[in-house]
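Chemist: Okay, handing you the structure first.
In the numbering used here, the protein residues as written are 268 to 484.
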């Protein structure tokens with residue numbers, strides 16, 4: 268019996284060790300299953316919650332971007348105050364001015380008037396018909412000095428009855444009455460010469476006399 272005791276003790280010890288190992292393995296297996304089940308439950312239920320929160324935040328951000336507060340209207344400026352101006356109306360004043368009479372002195376005037384001579388027909392086979400022939404102005408210096416004279420002009424009457432190409436043929440005193448004589452003749456109007464039913468241009472001459480009108484004449 269003493270020889271069998273160590274064997275029995277060894278078996279008991281091995282049985283206890285095996286039972287302990289099996290129990291520990293069972294406990295560890297149960298904990299792993301529980302933790303796995305817990306992790307799976309967390310994975311199944313927690314992820315949609317995170318996605319929902321993310322989508323909700325994105326929608327709130329977009330709505331904040333779209334909805335901008337309306338700008339308030341600018342403040343209206345108050346109308347300028349109208350000052351109370353005093354009444355500056357003045358009563359009308361009736362002033363009767365006495366009539367003013369200015370005596371007009373009796374002055375003898377000496378008007379100068381040039382004399383127009385006949386139109387030369389030397390180069391025309393029939394007389395020209397004058398429509399408008401205004402007299403020239405008497406030069407101021409010649410009138411003041413009492414100078415008289417004459418100017419003979421040569422000019423062309425166009426087919427339209429106008430005057431062109433006026434030149435001085437002769438004058439006395441020379442150069443005193445030329446300018447006024449030329450300026451006057453350039454404004455004259457004629458009825459042109461007609462040959463075979465057609466108006467033609469002709470050249471003619473005109474003598475203008477510058478004479479001072481005497482007093483009493």
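The C-beta atom is built at its ideal place from N, Cα and C for all residues, glycine as well.
Please read these numbers as outputs of a predicted model, since none were measured by experiment.
#1: Can you give me the Cβ contacts of residue 440 inside the same chain, cut-off strictly under 8 Å, excluding the 5 residues immediately before and after it?
#2: What are the boundary residues of the alpha helix (DSSP H) that includes residue 450?
#3: From which residue to which residue does the beta strand (DSSP E) around residue 478 run?
#4: Would you report the Cα separation of residue 434 and residue 481, rounded to the nearest angstrom?
#5: Quick one: is residue 308 buried, meaning 16 or more other Cβ sit within 10 Å of its Cβ, or exposed?
#6: If I'm right that residue 418 touches residue 438 with Cβ under 8 Å, what's the distance once you round it to whole angstroms?
#7: According to DSSP, is residue 282 part of a helix, a strand, or is it coil?
#8: Name the DSSP bridge partner or partners of residue 466?
#9: Where do the N-terminal and C-terminal ends of the beta strand (DSSP E) with residue 419 fall, by residue?
#10: For my contact list, residue 465 and residue 430 are in at a C-beta cut-off of 8 Å; report their separation, rounded to the angstrom.
#11: So the alpha helix (DSSP H) residue 408 belongs to, where does it begin and stop?
#12: Look at the Cβ atom of residue 407, then the Cβ atom of residue 477, and state whether they are nearer than 8 Å.
#13: In angstroms, rounded to a whole number, what distance separates the CA positions of residue 474 and residue 420?
#14: What's the call for residue 338, buried or exposed, on a 16-neighbour Cβ count within 10 Å?
#15: Nearest to residue 432 by alpha carbon, out of 399, 298 and 469?
#16: What does a CB cutoff of less than 7 Å around residue 436 pick up in its chain, not counting 5 residues either side in sequence?
#17: For the beta strand (DSSP E) that residue 398 lies in, which residues bound it at each end?
#18: May I have the straight-line CA-CA distance separating residue 302 from residue 296, to the nearest angstrom?
#19: Quick check: what's the CA-CA separation for residue 409 versus residue 443?
Modeler: The answer reads as follows:
#1: 414 and 416
#2: 445-452
#3: 469-479
#4: 30 Å
#5: Unreliable placement is indicated for residue 308, whose pLDDT of 48 sits below 50; the coordinate value is still reported in the next sentence. Flag for residue 308 reads exposed.
#6: 4 Å
#7: helix
#8: 461
#9: 416-424
#10: The pair is not a contact, with the Cβ atoms about 20 Å apart (cut-off 8 Å).
#11: 407-412
#12: no
#13: 6 Å
#14: exposed
#15: 469
#16: 419, 420, 421 and 472
#17: 396-399
#18: 10 Å
#19: 7 Å
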